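Below is one structure, written out as structure tokens; the observations come after it.
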Amino acid sequence: MTVQTAMQSEGAGRNPARGFKPRAGSDRLYNLALRTVAVLFAAIVAAFVWSVLHQSLPAWGKYGFGFLFGTNWAPSEDVFGAAPLLLATLITTGVALLFAVPIGIGTALVLTFVLPRKISTPLRSIVELLAAVPSVVYGLWGLSIVVPWMSHTVQPWLASFTDSKGVFSGNQLGLGLATASIVLSIMVLPTIVAVSRDVLANVPNDQIEGALSLGATRGQVMTKVVLPAAKFGNLGAISLGTGRALGETVAVAMVIGQSPAMPGSLFSLGSTLASTIAGQYIDSQPMHLAALGACAVILMVLTAGVNFLARLLVRRTAGK
Amino acid sequence: MKKTLRGSFGTAVAALGLAASIVVPAGAVTVKVDPILLKTTTITAAATVASSGATFDTPFFNAAFPVYSARNSKATVSAYGAGGSGAGQSAIMGNTVNFSASDVPMTATDISNASSSLSATKGSLSDYVQIPVALGGVAIAFRASAITGAKNYSKDGFVLDATTIAKIYTGAITYWNDPAICALNPKYSVTYKGKKSCSLPEKAIVVNARSDSSGTTYIFKDYMHAAAPTIFTSTPSKTTMVTSGNGFVGGSGNQGVAANLENTDYSIGYVEYSYVLLNKTLEAAKIKNASGKVVAISPASIAAAAATKSTVSSTDFSIVNATGNTAYPISGYSWAMVRKNQSGDSKASTYAEAELTVKLLDWLTHSAPAKSGYTFGQDIAAQQGYVALPAAAQTVARNGLLTITYNGSAILK
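Listed in order, the protein sequences are those of chains P and R.
If you use this note's numbering, the first sequence corresponds to residues 1 to 320, in order.
If you use this note's numbering, the second sequence corresponds to residues 1001 to 1413, in order.
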């Protein structure tokens, strides 16, 4: 939601209440209370970031930036390299978005412009309901339904298209990157649909009507008017989805195989940054803990980066 | 409203507890009852105790604490905080609990590694008493449809030994029909043109292990290291065996490993015994022990292994690789940790609190005398899928508890 709020305040212009100097005592008290809350919040965030950083220091001290490129994550040998975890995180998120973005925005278009209100309203509530399903439920569904289905049906079928070294090679265990990506794509879909639908609904009607009156077909209106107008909002929707996919923990941990192997194909087992932290944190040895802290730092930087990039894009194009 | 609910729940539990524990009807044989145990449910004043630690003990403590509380209106035993062995060790060092549990006894290194913010009170190893509280076994669970579906499976089972297990977990054996496994399972054979050959499936073994830090992993590694030291060379630890190099499938918790095994044909893994009982699709391999006997995992075979070591202590606690005709070789104790001087650095603020801590532990670590009609902690443990501590281990626990003092004098008398 951050991206969207940022956009809205961008358009809203200057807040007239800002910089207003309070005179009455009650106003001053109110002002003081608000400031205290704001400072407190900032302090909590700073303390949180500092403590995570502080915990990860021994790992950065031992490996430096090589931690990002180390290909061996072996707690039993006290060797920690985050590359397999980072790759698994990026691959699962990327593949999930590959499915979720077109389907999500397509669904939002259909919900907003194609279906009659009688059908789209209940469908919309269903989508919103899906966004509220706890991730462990998706994990359970993934483990009990998707994993067997993948190993018996999908993986053998996909494997028939490639040789022994392709994207669809390797053990057909059901568990692994491919399954995690599918579960993730379904998890981020409602987020993308819900946000994108709100954005599309806000595309000014006169623009659409103008295009129609100029003789544009429905398809042309979608591609030439609606989607360009909703570009930034949709970017916001995608970045929200990306954030969710990057940080998703429980559902991924249940279907990815929790094995920090360097991914050889989409059928490889894997372990993402978030799922590794959750799975290995309790009872760890000092260096292991520091390495997990460093993973948390990477994850924070990744999600913050996605958010920042989205804001930057929005700001840059909005300025044009 | 809340109070009433709680009250009625308490009464219900009390009624259950009484029903289970009331002395046998008059006329029955009189049984000599341990005098200390008789007193373990009487506390001088109202007190509350808190505990936390290994998840291994959770089902046991969750079942036992309400029964104990129901015996004594003065005793309040707070719910067990299951945060892992390491969390339990920190909690006892930081005096936030009266006792804690760990799958592996705390060592001097654990104390020196502990966060410096606790250093004011963490003390040294001799400031703590560690006693065995629960006994359990680790099953080598597997799913291999071609083996469990074979006609002779129900009769012969599937046999592994320390060497083959260690080779599977070090990557030296990768197929179910490896000659070493075939040699252990001679009944799985076909005869073709008068020549006998192994009929075990030519399938890759999918190796499963815990992805989190675990006492179960410790016991399993301890077994491989003790029984096949030349193959599994690293010293045992709770740290996960899943690495980037070996490609094992990781599962979080016993339930995670069990779920992965259930979903994957031709997979093998290790889980606590009760998880094999819970998951009908999983089978446990029989293990050829150090005496060359093939033993299936069962409460009796785990107890037989534990019985081979009568002098178990917090520094000499391993009971893996036990010998004997009926001893199952992969099992271990879970341990409780208490401060030795309860009036010094400890969570106890009153004598009654210290008294409750020690008496509760004494009750937890003992079985009721046969035919007495009582229910003590270890009887509840046995109902919950653990194995009751052997008599020798119960004595070890009692002797440890006898050394705990308050203002210089022993609490248990």
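Using N, Cα and C, we set each Cβ at its ideal position, and we do this for glycine too.
All values derive from a computational prediction rather than experimental measurement.
Using the rule of at least 16 other Cβ atoms within 10 Å of the residue's Cβ for burial, across every protein chain shown, is residue i buried or exposed?
i        : result
G1136(R) : buried
P204(P)  : exposed
M1222(R) : The displayed chain sequence assigns Asp, not Met, to residue 1222(R). It is buried - the Cβ of D1222(R) has at least 16 other Cβ atoms within 10 Å.
V1320(R) : buried
P260(P)  : buried
A1410(R) : exposed
R315(P)  : exposed
S239(P)  : buried
K1167(R) : buried
N31(P)   : exposed
A1026(R) : With a pLDDT of only 47 at A1026(R), under the threshold of 50, the placement of this residue in the model should not be trusted; the figure read from the coordinates follows. A1026(R) is exposed by the Cβ-count criterion.
G257(P)  : buried
N202(P)  : exposed
V136(P)  : exposed
When you compare the CB of residue i with every CB in chain R, is at least one pair closer than 8 Å?
i       : result
Q155(P) : no
V137(P) : no
T249(P) : no
M262(P) : yes
V52(P)  : no
G257(P) : yes
L143(P) : yes
W73(P)  : yes
S76(P)  : yes
A59(P)  : no
L175(P) : yes
V167(P) : no
A178(P) : no
Could you tell me the distance, in whole angstroms, from the CA atom of residue i to the CA atom of residue j?
i        : j        : result
Q55(P)   : S1090(R) : 17 Å
P1369(R) : S1252(R) : 39 Å
L1412(R) : T1403(R) : 8 Å
T194(P)  : L143(P)  : It should be noted that the sequence gives Ala, not Thr, for residue 194(P). Distance between the alpha carbons of A194(P) and L143(P) is about 26 Å.
P75(P)   : T1243(R) : 7 Å
V1129(R) : F1065(R) : 21 Å
R124(P)  : S1298(R) : 54 Å
D1110(R) : A251(P)  : 33 Å
N1177(R) : A1258(R) : 23 Å
A178(P)  : Q172(P)  : 10 Å
P1229(R) : Y1270(R) : 19 Å
N1113(R) : K1280(R) : 41 Å
L299(P)  : L273(P)  : 7 Å
If distances are taken between C-alpha atoms only, which option among the options comes closest to residue i?
i        : options                                : result
T1042(R) : P1066(R), A1075(R), G1377(R)           : A1075(R)
V199(P)  : V37(P), F113(P), F67(P), G61(P)        : F113(P)
G279(P)  : G293(P), F267(P), M222(P)              : G293(P)
A1146(R) : T1235(R), C1198(R), I1173(R), S1102(R) : C1198(R)
P148(P)  : S271(P), L40(P), W157(P), L175(P)      : L175(P)
L1277(R) : P1035(R), V1138(R), V1190(R)           : V1138(R)
G1324(R) : Y1218(R), R1143(R), V1295(R), S1331(R) : V1295(R)
I1302(R) : I1380(R), M1224(R), A1322(R), A1114(R) : A1322(R)
T1170(R) : F1232(R), R1143(R), S1211(R)           : F1232(R)
Q323(P)  : T303(P), R28(P), S268(P), A304(P)      : Absent from the structure is residue 323(P), since the part of chain P shown begins at 1 and ends at 320.
T1174(R) : N1208(R), T1357(R), S1102(R), Q1384(R) : N1208(R)
M187(P)  : L299(P), R244(P), L140(P)              : R244(P)
Quick check: is the beta carbon of residue i nearer than 8 Å to any beta carbon in chain P?
i        : result
T1240(R) : yes
A1134(R) : no
G1417(R) : Residue numbering for chain R in the displayed model covers 1001 to 1413; residue 1417(R) lies beyond these limits and cannot be assessed.
S1234(R) : yes
A1259(R) : yes
S1051(R) : no
V1024(R) : Low confidence applies here, because V1024(R) scores a pLDDT of 43, under 50, leaving its location unreliable; read the following figure in that light. V1024(R) does not count as touching chain P.
N1263(R) : yes
G1400(R) : no
D1178(R) : no
V1358(R) : no
G1247(R) : yes
T1281(R) : no
T1308(R) : no
Is any heavy atom of the ligand SAM found at a distance shorter than 7 Å from the C-beta of residue i?
i        : result
T1240(R) : The ligand SAM is not part of this structure, which contains no ligands at all.
Problem set entry | chain P contacts from the region 1083 to 1112 of chain R (Cβ-Cβ distance under 8 Å) | G1083, G1084, S1085, G1086, A1087
For this session: For the region 269 to 301 of chain P, enumerate the residues whose C-beta is nearer than 9 Å to any C-beta of chain R, in chain order.
Result: L269, S271, S275, T276, A278, G279, Q280, Y281, I282, D283, S284, Q285, P286, H288
Problem set entry | Residues of the region 1198 to 1210 of chain R with Cβ closer than 7 Å to any Cβ of chain P, in chain order | V1206
Exercise. Given a limit of 7 Å on CB to CB distance, which residues of the region 81 to 99 of chain P reach chain R?
Worked result: P84
Exercise. Taking any Cβ of chain P, which residues in the region 1131 to 1164 of chain R have a Cβ under 7 Å from it, in chain order?
Worked result: none
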